[in-house]
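Only one structure is covered here, and it is reproduced in the block below.
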Ligand code: MLT
């Protein structure tokens, strides 16, 4: 029958390298999470886990590639809060943004930071807002496209200031960061996994973190709430996915490996350096991930509808 070969392949799994698709450019925050996770999972699975960057269109191209991949456990996806916003942001997609995937487990929740080019003429959030109000036509905001975390945080930031800004989209905030450091774009709202080292090195300026308490690795950076933006709170959860139809036994194996990886001391240390930590083990399961994601889609839908920025 059909069950026997499926079982045999589940027992042999994985017999060759696994690819994790990252739907943003190399060197950025999603890439960083996926590479650290892939190394640790690879040790547990006894196979290498390689990252393939499929950036563009706010993370939808890489998600589409995954949804359309063979559901054999050898193509996975690391994606973030965009999985919750894309179903509302995009009216037309070439894949099903919810039912196209099996959830494997949540990975981490990453704080964001409001940052600017180093020589911006403001030294705290109130001064930055005043500057933006004065020079709104000259100041632009980098992001990684409609559906990116930087896009969502940027929307909330513009709403909080009540000032619409010109946005400059990139294939990921890795390349956007290069331009922020070079000073060719002005502002960005980006994850601590991408900004912490630049903030510490002084190559960019930090104005706020977007969590309700300060981030241990950036003790001098106030929260947006402290700095005068009440209610400004957003963090970026990441999850691991497989294409819909992947054998549940393989998904279970991957979820177990994800849990092992999230206990890895090296991964925990590196996450901490970058302002984050793994989710509790009970969230690194297919069911907990699915439940969180479903609720999160519903949570962001009215926010996005109120902002009125959609993509086709
Ligand atoms: C990235 O990996 O480039 C980011 O997660 C982009 C973003 O969502 O802002």
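In mature numbering (1 follows the signal peptide of the UniProt record, and there is no 0), the protein residues as written are -8 to -1, 1 to 304. Idealized CB from N, CA, C, for every residue including glycine.
With 16 other Cβ atoms within 10 Å as the buried cut-off, status of residue i
| i | result |
| --- | --- |
| residue 205 | exposed |
| residue 286 | exposed |
| residue 129 | exposed |
| residue 270 | buried |
| residue 334 | Any answer about residue 334 is impossible in this case: the structure gives the chain only from -8 up to 304. |
| residue 89 | buried |
| residue 27 | buried |
Spatially closest choice to residue i from the options, by CA coordinates
| i | options | result |
| --- | --- | --- |
| residue 220 | 120, 11 and 297 | 120 |
| residue 226 | 295, 128 and 136 | 295 |
| residue 188 | 6, 209, 55 and 172 | 209 |
| residue 83 | 139, 37 and 131 | 139 |
| residue 85 | 56, 37 and 109 | 56 |
| residue 238 | 25, 92 and 26 | 92 |
| residue 11 | 267, 31 and 2 | 31 |
| residue 54 | 211, 13, 114 and 254 | 13 |
| residue 104 | 228, 67, 158 and 115 | 228 |
| residue 161 | 150, 133, 155 and 170 | 133 |
| residue 293 | 73, 186 and 7 | 73 |
| residue 67 | 122, 40, 116 and 150 | 40 |
| residue 118 | 101, 142, 145 and 149 | 149 |
DSSP-derived helix/strand/coil call for residue i
| i | result |
| --- | --- |
| residue 60 | coil |
| residue 97 | strand |
| residue 2 | helix |
| residue 42 | strand |
| residue 78 | helix |
| residue 73 | coil |
| residue 16 | coil |
| residue 191 | helix |
| residue 67 | strand |
| residue 211 | coil |
| residue 276 | coil |
| residue 157 | coil |
| residue 88 | coil |
| residue 21 | helix |
| residue 184 | helix |
| residue 135 | strand |
Chain C within 8 Å of residue i, Cβ atoms only
| i | result |
| --- | --- |
| residue 174 | The chain labelled as chain C is not found in the depicted structure, where only one protein chain is given. |
Next on the checklist: At 4 residues or longer, what runs of the alpha helix (DSSP H) sit wholly inside the region 217 to 269?
Outcome noted: 240 to 254 and 257 to 265
Checklist entry - Touch check for the region 95 to 104 and the region 216 to 236: three-plus C-beta pairs under 8 Å? => result yes
Item to check | Validate contact between the region 10 to 23 and the region 40 to 47 using beta carbons, cut 8 Å, 3 pairs | outcome: yes
Item to check | Contact the region 193 to 204 vs the region 172 to 181: 3+ CB pairs below 8 Å | outcome: yes
Checklist entry - Would you call the region 241 to 253 and the region 270 to 280 in contact, with 3 or more CB pairs under 8 Å? => result yes
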